[in-house]
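Take a look at the structure set out below.
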Amino acid sequence: MYLFDLHCDTAGECYNRKIPLLDGEQHINICKGNNLDKWAQVFAVWIPDTLRGKDARVYFENVLLNLKNEISKNVKKIKMCQGFSDFEECIISKKCAAILACESASPFADSEGAYRAEHLGVKVITLTWDGENEIGFGCQTGSDCGLKPAGKSLLSDMEKLKIVADVSHINRAGFYDVISSGAKVIASHSNCEKVLMKTRADSDEKFFACRRSLNDEQIKLLIECNGLIGINFYRCFLGDKGDDGFEAVYRHMMHILDLGGENALAIGSDFDGCEIHPELAGVDKICNLQQFLISKGFDKKIVEKIFFKNAEKFFKSILQS
């Protein structure tokens, strides 16, 4: 079995709760991934909206240092990938191929930020979280404004350095600015607004989830620009309580496939960053999800594209740069 997961918050969980990456109680640990023949994992360092400037930079570097220390204890099982040769080595030797991301651009919002991010090995930057930051506006701000000047400058530098722009969490206007920039773009952990509108009962939580999700136009634009869309396992973003497990994942996947997203669809679990249905709550449950989708009529080749090959193809061009 195989997994290329575009987003998890495990690095912060290990740092803040002082738990090991090898066998801690979190959704992702190395032991839980032992059943995977191929495993690539994007480890995002989440930056709270309360942290800005130097405070955000220090926090990012502290979490990263702890992640590197955990990886150094388990070098036979996991490796941080700087280039595609690292990635290939991991896949051949059945190690977890770790890829570094930052969730919220606050640590890198200054004029040299993208270059500092590249030096630290960051391959993906989620531009905002839910609120406003130095470069733009998150999906829960209610703002109709696009990227700030600092955001446009950062995005330009990211494009030069082949750092991926992640539009999960950003508001609509910011999303369109990113798409029009020509940058390499993904929505690492975002689901389908239309599915939620059809299947969830009206509530504040539903409308919160819809603001955080992608509308059909956004999905089509991501498909057209050869981006990726990672399905998020957060219960709130899948469906109503009790309808937020395998069946809900299937519904969101089918919607993207119906829009022509066979080559864009991927996984962005959000493991260790949210509440997840027991069917999905851990990297050790991925094989069960794959078998469920096959039982629902998904061709095995489609399943492999969703869970690995689409993301592998996308990141090959990034890691070879």
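Numbering (my numbering), first residue to last: 7 to 327.
Each residue gets a CB set at the ideal place from its N, CA and C atoms; glycine is no exception.
The model shown is predicted, which means the values in this text are computed figures rather than measured ones.
With a cutoff of 8 Å on beta-carbon distance, Asp276 and Lys38 are scored as not near each other.
Taking C-beta atoms under 8 Å as the contact rule, Asp55 and Asp136 qualify, at a distance of about 7 Å. The beta carbon of Asp92 lies closer than 8 Å to those of Lys85, Met86, Ala103 and Leu325 in the same chain, with the five residues before and after it left out. In the three-state scheme derived from DSSP, where H, G and I count as helix and E and B as strand, Val51 is classed as strand. In this chain, the alpha helix (DSSP H) harbouring Val69 covers Gly59 to Ser78. At least 8 Å separates the beta-carbon of Thr134 from that of Ser162.
By a beta-carbon distance limit of 8 Å, Phe49 does not contact Ala123. Their separation comes to about 14 Å.
When rounded, the separation of the alpha-carbon atoms in Gly157 and Leu220 is 21 Å. Runs of the beta strand (DSSP E) lying entirely within the segment 73-129 and spanning at least 3 residues, in chain order: 84-86 and 102-109. Shown here, Phe239 sits in coil according to DSSP, grouped into three states, outside any helix or strand. With 16 or more other Cβ atoms inside 10 Å of its own Cβ, Lys83 counts as buried. In the three-state reduction of the DSSP assignment, Val184 falls in the helix class, which pools H, G and I. The residue from Lys204, Gln146 and Val69 with its alpha-carbon nearest to that of Gly180 is Gln146. The three-state secondary structure of Thr205, taken from DSSP, is helix. Looking at the DSSP output, Tyr8 shares a beta bridge with Lys44. Here the C-alpha atom of Tyr256 lies approximately 7 Å from the C-alpha atom of Leu299. A straight-line Cα-Cα distance of about 15 Å links Gly267 and Phe314.
With a beta-carbon spacing of about 5 Å, Ser174 and Ser196 fall inside the 8 Å limit used to define contacts. Non-local beta-carbon contacts of Cys14 in its own chain, meaning distances under 8 Å to residues more than five positions away in sequence, involve His33, Ile34, Gln47, Val48, Phe49, Ala50, Ser275, Asp276, Phe277, Asp278 and Gly279 in chain order. Secondary structure at Phe304: coil, using DSSP grouped into helix, strand and coil.
Remark: C-beta atoms of Leu265 and Lys226 approach each other more closely than 8 Å. With contacts defined as CB atoms closer than 8 Å, Ser117 and Ser159 qualify as a contacting pair. Taking 8 Å as the upper bound for CB-CB distance, Ala17 and Leu73 are in contact here, some 4 Å apart.
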